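Quick notes on the structure that follows.
Residue numbers (full-length UniProt numbering): 1 to 220.
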């Protein structure tokens with residue numbers, strides 16, 4: 001995630017919201033877990049998450065060899081809160097299960113947030129930072145019953161230390177996920193086409209090393 005302040009064209013400084021995006025791919029998703037997590041522990045965590053959100057969303061096996069995914073059990077209107085994630089742990093270093101919440105902070109979210117798969121195009125949920133150290137997930141458009149929830153992982157990781165191939169299958173798939181630093185314009189274009197959750201205005205200031213973003217959005 002990128003959070004920064006820059007000067008506007010009028011010379012005033014504006015504070016943007018946290019600009020949120022997360023890393024992973026449908027072939028190496030965060031929720032794929034390492035063997036050390038233990039299958040029994042994982043099954044228990046899935047069951048508990050499904051019970052908390054009974055009738056609303058459900059973690060289950062996804063199609064196309066994605067492993068696990070998160071699916072809607074009810075309709076969600078554009079702009080509505082879908083889930084609220086908690087931060088289970090925090091580190092200054094990223095790993096395959098973490099999301100970036102500031103330049104030097106990477107957190108592991110609880111389920112069901114950790115089960116949401118990536119897509120490069122037409123993601124149906126977006127993220128905003130919450131008071132629990134993680135993200136709130138909002139519907140970027142109307143979501144139908146039985147539809148899989150997806151979001152753009154490059155909307156959180158500024159730079160992925162080891163880029164990897166994406167297999168989301170979208171028509172405009174970026175091929176390799178490397179982080180916002182490399183695909184920022186494409187990520188922004190898709191986000192601006194989404195809901196007003198993230199669209200009030202944005203400004204870009206180019207530097208030699210990075211392209212920080214300021215994105216101001218209306219309150220929900």
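The C-beta atom is built at its ideal place from N, Cα and C for all residues, glycine as well.
Source: prediction; values computed, not measured.
Strand pairing of residue i, partner residues [DSSP]
i	result
residue 151	118
residue 90	107
Rounded C-alpha distance that separates residue i from residue j
i	j	result
residue 124	residue 57	14 Å
residue 63	residue 132	31 Å
residue 177	residue 92	21 Å
residue 167	residue 51	30 Å
residue 84	residue 173	27 Å
residue 44	residue 102	30 Å
residue 109	residue 142	24 Å
residue 29	residue 152	The predicted model places residue 29 with a pLDDT of 46, which falls under 50 and marks its position as unreliable; any figure quoted below should be read in that light. Between residue 29 and residue 152, the C-alpha separation is close to 12 Å.
residue 169	residue 119	8 Å
residue 46	residue 156	24 Å
residue 188	residue 55	33 Å
residue 53	residue 158	31 Å
residue 277	residue 89	Lying before the first or after the last residue shown, residue 277 is absent from the chain, which here runs from 1 to 220.
residue 78	residue 39	35 Å
Among the options, nearest to residue i - alpha-carbon criterion
i	options	result
residue 49	78, 114 and 92	114
residue 129	73, 122 and 106	106
residue 71	78, 79, 60 and 46	60
residue 41	111, 188 and 73	111
residue 223	67, 121, 54 and 53	Nothing about residue 223 can be reported from this structure: the residues present for the chain run from 1 to 220 only.
residue 147	39, 46, 76 and 54	76
residue 68	116, 78, 90 and 171	116
residue 94	171, 135, 154 and 104	104
Within 8 Å, strictly: CB atoms of residue i and residue j
i	j	result
residue 137	residue 82	yes
residue 96	residue 139	no
residue 179	residue 165	no
residue 160	residue 74	no
residue 171	residue 134	no
Endpoints, alpha helix (DSSP H) assigned at residue i
i	result
residue 49	39–52
Limits of the unbroken beta strand (DSSP E) element including residue i
i	result
residue 136	135–139
residue 76	Looking at the DSSP string, residue 76 is not in any beta strand (DSSP E), and its letter there is neither H nor E.
residue 129	125–129
residue 57	57–61
residue 144	No beta strand (DSSP E) contains residue 144, which DSSP labels as neither H nor E.
residue 156	Run containing residue 156: none; DSSP gives neither H nor E here.
residue 96	Here residue 96 belongs to no beta strand (DSSP E), and DSSP marks it neither H nor E.
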